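Below is one structure; the comments refer to it alone.
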């Protein structure tokens, strides 16, 4: 994780944050000289407004690595935050429309990893979100 990185944004949920899971990662990173910021507002079935708030934090903090910590919801939120950070010109609505029918997936995803790399640290098993390019995020306005 610390291989040349200087700024890490950890994306997690309140439960994992309150129970010290994020601290376990931040302590290792800080000992290696990596500056950290933790976004712990992700809830089950993350909403677009929460994801945008996390992306705003990423834009101001300017991480060179994003660490998704948790189950499917933090993973999904972190993926979209990463896209919004790497490509602020990308509109969520356009991505969502392109993935409505996986059989018609012809959209070429934008180049990722220029500003930051993403690392997924899963704490549960089940969704497999840590190994797929897909994310489930609910648009507050449209449901």
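Numbering (the numbering used here), first residue to last: 3 to 145.
C-beta atoms are modelled at their ideal positions from N, C-alpha and C, and glycine is treated no differently.
The structure presented is a predicted model; accordingly, all values stated were derived computationally and were not measured.
Taking only the alpha-carbon atoms, compute the straight-line gap between residue i and residue j and give it to the nearest angstrom.
i           : j           : result
residue 85  : residue 93  : 10 Å
residue 63  : residue 31  : 16 Å
residue 46  : residue 16  : 10 Å
residue 134 : residue 71  : 15 Å
residue 126 : residue 81  : 17 Å
residue 78  : residue 145 : 16 Å
residue 21  : residue 116 : 32 Å
residue 1   : residue 52  : The structure shown has nothing for residue 1, since the chain only spans 3 to 145.
residue 26  : residue 75  : 20 Å
residue 136 : residue 34  : 32 Å
residue 59  : residue 69  : 14 Å
residue 90  : residue 130 : 26 Å
residue 7   : residue 29  : 15 Å
residue 42  : residue 19  : 6 Å
residue 142 : residue 54  : 11 Å
residue 120 : residue 67  : 6 Å
residue 112 : residue 5   : 24 Å
residue 114 : residue 23  : 27 Å
residue 65  : residue 138 : 23 Å
residue 61  : residue 9   : 12 Å
Sort out for me which residues DSSP pairs residue i with in a bridge.
i          : result
residue 37 : 9
residue 15 : 44
residue 49 : 140
Would residue i pass as an interface residue toward chain B - the criterion being a Cβ-Cβ separation below 8 Å?
i          : result
residue 36 : Going by chain labels, chain B is absent from the structure shown, which holds only one protein chain.
In the DSSP assignment, find the beta strand (DSSP E) that holds residue i and state where it starts and stops.
i           : result
residue 119 : 119–124
Are the beta-carbon atoms of residue i and residue j separated by less than 8 Å?
i           : j           : result
residue 118 : residue 88  : yes
residue 13  : residue 36  : no
residue 73  : residue 124 : yes
residue 140 : residue 38  : no
Can you give, in chain order, each stretch of the alpha helix (DSSP H) that sits fully within the region 59–94 and has at least 4 residues? 74–88
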